[in-house]
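Worksheet: the structure to be examined is printed underneath.
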Amino acid sequence: MTDDVDAHIHEKFELQKRLGKGAYGIVWKAYDKRSRETVALKKIFDAFRNPTDSQRTFREVMFLQEFGKHPNVIKLYNIFRADNDRDIYLAFEFMEADLHNVIKKGSILKDVHKQYIMCQLFRAIRFLHSGNVLHRDLKPSNVLLDADCRVKLADFGLARSLSSLEDYPEGQKMPDLTEYVATRWYRSPEILLAAKRYTKGVDMWSLGCILAEMLIGRALFPGSSTINQIERIMNTITKPSRQDIASIGSHYAASVLEKMPQRPRKPLDLIITQSQTAAIDMVQRLLVFAPQKRLTVEQCLVHPYVVQFHNPSEEPTLHYEVYPPLPDHVQLGIDDYRDRLYEMIDEQKASFKRIQHDKIRPFSPKDKSRAPIAQAECSDTDYDTARSLQKSTSMDKNTSSSHDSSTGTLRERAQSAESRTSKGSNGDMRNGNGSAISNGIKQRRRSIERSRLFANIKPSKILHPHKLISRGDKDYENFEKKY
Ligand SMILES: Nc1ncnc2c1ncn2[C@@H]1O[C@H](COP(=O)(O)OP(=O)(O)OP(=O)(O)O)[C@@H](O)[C@H]1O
């Protein structure tokens, strides 16, 4: 893996610092010279090395395009080919931190942040699941955060359409779950035990692990091998019944579990000690052996732990299934994926050109004569221009997505939220968190970030944090009755 970046990318972006290195590429903080925005630039190395990697790259882009319209999913701004036709560059909206680093730094997150983060994750997953798609790689490093504690889910390289798996042609071999490369620590028991079918429960399990990690400040099940992972899980969660074990449809689950050395159990409530009852309850209901017995994402959104942030108008769903444009169960050749991806890039550029063209038309009576020129002049820049146009339109339509911009308006909104909260607010919490989150971020932005940290959390909750607890307890009783 090399840090080399193509000359045409250097022309477009000023690379500022390396943000992260994953299994598939490097991510830099970069300044987009045309749009004058800070972006996260990801170079996927050898994106088309073999059919599996090509399919992964293809899926990642396809799902990002589909789900990026949700406010809690990272937006893919642009895609660039590399000169060698093997690598590929993706430009994303920039986020300040990822949850893994925030947890690692220690006591940055207070209860209210953890609840807000979980609620936003549930919103994102609800959106994916409503399109019958699984993320399959939920882990703290794929949960991006900004200084407002706003969440954007990233890394769709392992996402899969459930319907494409359910519709598997008879007699055709399902993809082997042992090929599953998602980070072990967040893998569900059925994946570890090589079950035959995926369900939405795999994401719910990972969400339970993420919440537990926020609560205890370290990974809950840091297994060193598949078998060690299963052991750690089985020593902690409620013992599954025979039916539970049978329900995952794994040939050797029963025998693996029987042979497991018997160690004294350390249940979740003894591991997660310093947390609210509702938080522990949520982890316990997510980390359940049988996938069908785990909370669904809809149930999570009304669970007492996050219900204070629950707002149906901010929890959109898709009313159709998201299906990859190329058959998912057949692995095509490298060129098929690459050609289709390049075609999509071109198609998208063309459609953005149309958007921009339509936007220009109503503004001037001379439009008719200007339109063909506007179209003819479209180049790479149009994609970016159209992006900002689109952004401003969606901001007009939907205030919940207005935070995508770092304009003065956002600051004004944040500052007014700040002034509202500061009137009698819990100063300790606000200051403590504001300064802590901004630790890893540039000094000069500190004051802005401090005020922005709570901008998107309903002020009433911050003004009266004790209400979260009392209300939570009541909700908890109601939830208990219902589920
Ligand atoms: N939009 C972004 N803004 C800021 N940082 C980002 C962004 N996207 C990614 N990062 C950083 O880069 C890291 C790696 O990104 P990403 O998960 O997309 O790469 P990957 O190669 O697919 O990783 P993995 O090995 O987890 O599959 C993230 O954990 C995060 O720290």
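According to our numbering, the sequence shown is numbered sequentially starting from 3.
The C-beta atom is built at its ideal place from N, Cα and C for all residues, glycine as well.
What you are looking at is a predicted structure, and each value in this text was computed from that prediction instead of being measured.
What's the C-alpha gap between G22 and I247? 38 angstroms
### Message
I'd like to check one pair, A214 with I273: are the Cβ atoms closer than 9 angstroms?
### Response
yes
Does the count of Cβ pairs from the segment 77-97 and the segment 117-131 closer than 8 angstroms reach three?
no
Item to check | Sequence-distant residues of its chain with Cβ nearer than 7 angstroms to G225 (five each side left out) | outcome: R186, W187, Q231, R234
Out of R189, L43, M236, point me to the one whose CA is closest to K141's CA. R189
Roughly how many angstroms lie between the CA atoms of S449 and I81, to the nearest whole one? Residue confidence for S449 is low, a pLDDT of 33 falling below 50, so the modelled location carries little weight; the figure read from the coordinates is stated next. C-alpha separation (whole angstroms): 34 angstroms.
| Using a threshold of 8 angstroms, is the CB atom of G24 nearer than that to any non-hydrogen atom of ligand 1? | yes
- Could you pull the start and end residues of the beta strand (DSSP E) that W30 belongs to? 27-34
Item to complete: Starting from the Cα of V153, find the closest Cα among L43, E95, E192 and give me that residue.
Response: E95
Completely contained beta strand (DSSP E) runs for the segment 260-329, where each covers 3 or more residues
none
Quick one: what does DSSP say G210 is sitting in, helix, strand or coil? helix
- [ ] Flag S143 as yes when its Cβ comes closer than 8 angstroms to any non-hydrogen atom of ligand 1, and as no otherwise.
- [x] yes
- Taking E233 as part of the alpha helix (DSSP H), name the residues at either end of that continuous run. 228-236
On the DSSP bridge list, what partners appear for F154? It should be noted that the sequence gives Lys, not Phe, for residue 154. Note: K154 sits in a beta bridge opposite L146.
Alpha carbon to alpha carbon, how far is F69 from H131? 11 angstroms
Assign H321 to buried or exposed, taking buried as 16 or more other Cβ atoms, counted over all protein chains shown, within 10 Å of its Cβ. exposed
Check: Cβ-heavy atom distance between M97 and ligand 1 below 8 angstroms?
Finding: yes
Next item on the list: Could you check how far apart the C-beta atoms of L136 and V204 are, in whole angstroms? I think they sit under 8 angstroms.
Entry: 6 angstroms
query = G133: beta carbon under 8 angstroms from a heavy atom of ligand 1?
reply = no
For this session: Less than 8 angstroms between the CB atoms is what I'm expecting for V304 and H312, so what's the real figure, rounded?
Result: 6 angstroms
Please tell me whether, using a cut-off of 8 angstroms, the distance from the CB of T185 to the nearest non-hydrogen atom of ligand 1 is below it.
yes
Identify the continuous beta strand (DSSP E) that holds Y118 and give its terminal residues.
Not the beta strand (DSSP E): Y118 falls in the alpha helix (DSSP H), residues 113-132.
* Compute the Euclidean distance between the alpha carbons of E349 and S163, then round it to the nearest angstrom. => 23 angstroms
Grab me the residues of I127's own chain with a C-beta within less than 6 angstroms of its C-beta, minus the 5 sequence neighbours each way, in chain order.
D205, V299
| CA-CA distance, R220 and H331? | 37 angstroms
Leaving aside the five residues before and after I459 along the sequence, list all residues of the same chain whose C-beta is less than 6 angstroms from its C-beta, in chain order.
Annotation note: pLDDT 47 at I459 (below 50); position unreliable, coordinate value reported separately. Counting only Cβ-Cβ distances below 6 angstroms, and skipping sequence neighbours, we find Y118.
_Among Y339, L92, D55, R83, the one whose alpha carbon lies nearest that of Q67_ = L92
TODO: Assign S109 to one of two classes, buried (16 or more other C-beta atoms within 10 Å of its C-beta) or exposed (fewer than that).
DONE: exposed
Could you check which residue in D34, L289, R61 has the C-alpha nearest to that of G159?
-> R61
Between K19 and ligand 1, is the CB less than 8 angstroms from at least one heavy atom? no
- Quick one: using the 10 Å Cβ neighbour count with 16 as the cut-off for buried, is K241 buried or exposed? exposed
Check: Which first and last residues belong to the beta strand (DSSP E) in which L17 is found?
Finding: 15-23
| Can you tell me the Cα-Cα spacing of H12 and M97, whole angstroms? | 21 angstroms
If you drop the 5 nearest sequence neighbours on each side, which residues of the same chain put their C-beta closer than 6 angstroms to that of D100? S143, L146
Worksheet item: Can we count N237 as close to ligand 1, meaning its CB is less than 8 angstroms from some heavy atom?
Response: no
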